[in-house]
C-alpha cells in the first residue's frame, strides 16, 4: 500500500502536496527508464514494480493514465537497427513494430493486478484541434469510467518532424489537461529540479516546491539526458507550464528504482510544480474567456434553469441556431430574451445542430442517421457567465 508522507504546514505556502490528495493521475514513463539501453529490451522487473504502484492507486479509486515512451527503442532492436540517430522512415518502421510489443507489455503487467489496459495513439492534432480533442477526450474518459488504465503514446508511425510533439513530457502535459487530471508525474533519471546541473556543479541546490515558474526557474533547465530520451529538464519545465496553466499539479520524481511512486510516498525527494487553480476552474476559464465563439444557441427557460443547476444542454432545450460552426467550436448560449448565459464547446456542426434542435436526445439517430451525443453541449464543456 502506498502510504503518503505527512503533509507539510498548510498555513505557510507553498505547501508540499501529498499523493493521497489526488483523484486523477497521469504518469509519464520515458524510454530510458522502460528499456535497457545496452540490450534494447524491456526492463520487466521495473515495469512489474511500477504496475504494483499503479494497482495501489487504482485500488483506492484513483483514475490512472500512463503516457509511455519506448516503441521506437523496442522496435529498433527487433528490426536490427544499430545505435545512433534513425532516419524518419526507420523511426516509423521501428515504432510500428515496437508499439505492438509496448502495448502487450503494459497489458500483461497491469492484467497481473486485474486491471485492463487500453492503448491510445495520438498526434498533436488530437489534443490541439478542438474536434479531435473532443473525440480523444471522450474516449479516454470512457476508459477511465470503466476503470481501465489508458496507455498513451505519440503515433510515431504517421507523425513527421513537422507534426509531432517530439517529446512525451509535453504530450503528457497536454493529455493531463485534456482529461482534467489533478496530478502529472514525470519520472526521470533525476529527483527533480536543481538550481544548476548537479552532476557538474557541487553547489547545486534541489528545489522541492516551485510555486511559480519565473525566468530564473526557466533558466535552470538543462539539455537532453540520454540517447533514448528526447527530453531533459528543459522539456519538463515546458510541460510544467502547460500543466499548471490547465490547473494540474506536476511532480518530477526519480524513476530509476523499483516502485518509484511508493518511494515518493515514503518521503523520497522530488520537485513539485504548483498550479494556482483546479483543472475544472482552469477549463472553465479557457472556455469562457479564451475561445472566440463561432455561433449562438438560443435556449428556452427550462434549459436555462437546467444549466444553472449544473446540467448539460440537450437539443430539446435549444430553440434557435445561428452562425456557421463545426463540432468542437465554441458557441455562445443565450436565453430567449437575448441574455448571454454561457459559452461552451458544441458537440455538433451547425447544420446538424439546426436539424435536431427541439428534439429529444433519443430522436437524434433517426434524424441524423447516426447516434451522435445526447448533449448539444456537455456540462464539462460549458462555462456559465460568472463562473
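Residue numbers (my numbering): 4 to 390. Think of the CB as a built atom: it goes at the ideal place given N, C-alpha and C, for glycine as much as any other residue. The structure presented is a predicted model; accordingly, all values stated were derived computationally and were not measured.
Exclusion of the five residues before and after residue 149 leaves 119 as the residues of its chain whose Cβ lies within less than 8 angstroms of its Cβ.
Assignment of residue 302 by DSSP, reduced to helix, strand and coil, places it in the strand class. Listed as beta-bridge partners of residue 348 by DSSP are 333. Taking a C-beta distance under 8 angstroms as the contact criterion, residue 274 and residue 389 do not qualify as a contact pair. Taking C-beta separations shorter than 7 angstroms and ignoring five residues to either side along the sequence, the partners of residue 325 in its chain run 298 and 299, following chain order.
When the alpha-carbon of residue 296 is set against those of 113, 382, 346 and 280, the nearest one is in 346. Burial state of residue 37 is buried, judged by a 10 Å Cβ sphere holding 16 or more other Cβ atoms. Counting C-beta pairs with one atom in each stretch, the stretch 300-320 and the stretch 341-360 have three or more that are closer than 8 angstroms, which means they touch. Here residue 314 has 382 as same chain residues with Cβ atoms under 8 angstroms from its own Cβ, once five neighbours each way along the sequence are excluded. Straight-line spacing of the CA atoms in residue 361 and residue 312 works out to 20 angstroms. In the three-state DSSP reduction, residue 23 falls in the helix class (H, G or I).
Rounded to whole angstroms, the separation of the alpha carbons of residue 294 and residue 369 is 32 angstroms. Counting only residues of its own chain and dropping the five nearest sequence neighbours on each side, residue 43 has a CB closer than 6 angstroms to the CB of 80.
In the DSSP assignment, residue 253 forms a beta bridge with 187 and 276. Sorting 180, 379 and 271 by C-alpha distance to the C-alpha of residue 129 places 180 at the top. Rounded to the nearest whole angstrom, the C-alpha separation of residue 47 and residue 53 is 10 angstroms.
A check of alpha carbon separations from residue 75 across 317, 171, 320 and 278 identifies 171 as the nearest.
With respect to residue 73, residue 190 sits apart: the two C-beta atoms are not nearer than 8 angstroms. The three-state reading of DSSP puts residue 31 in strand, counting E and B together. Sequence-distant partners of residue 176 (beyond 5 residues in either direction) whose C-beta falls short of 7 angstroms from its own C-beta, in its chain, are 187, 242, 245 and 246.
Spanning the alpha carbons of residue 265 and residue 58 requires a straight line of approximately 11 angstroms. Residue ranges of uninterrupted alpha helix (DSSP H) with 4 or more members, entirely inside the stretch 81-132 and ordered along the chain, are 91-114 and 127-131. Beta-carbon to beta-carbon, residue 60 and residue 67 are separated by about 5 angstroms, close enough to satisfy the 8 angstroms threshold.
When the beta-carbon positions are compared, residue 78 and residue 106 stay at least 8 angstroms from each other. Between residue 147 and residue 206, the alpha-carbon positions lie close to 44 angstroms from each other. Bounds of any beta strand (DSSP E) do not take in residue 281, whose DSSP letter is neither H nor E. Rounded to whole angstroms, the gap between the alpha carbons of residue 155 and residue 200 is 30 angstroms.
Residue 209 is bridged by DSSP to 197. Taking the C-beta atoms as reference points, residue 257 is found nearer than 8 angstroms to residue 271.
One Cα belongs to residue 323, the other to residue 357, and the distance between them is close to 7 angstroms. Counting the other Cβ atoms within 10 Å of the Cβ of residue 56 gives 16 or more, which makes it buried.
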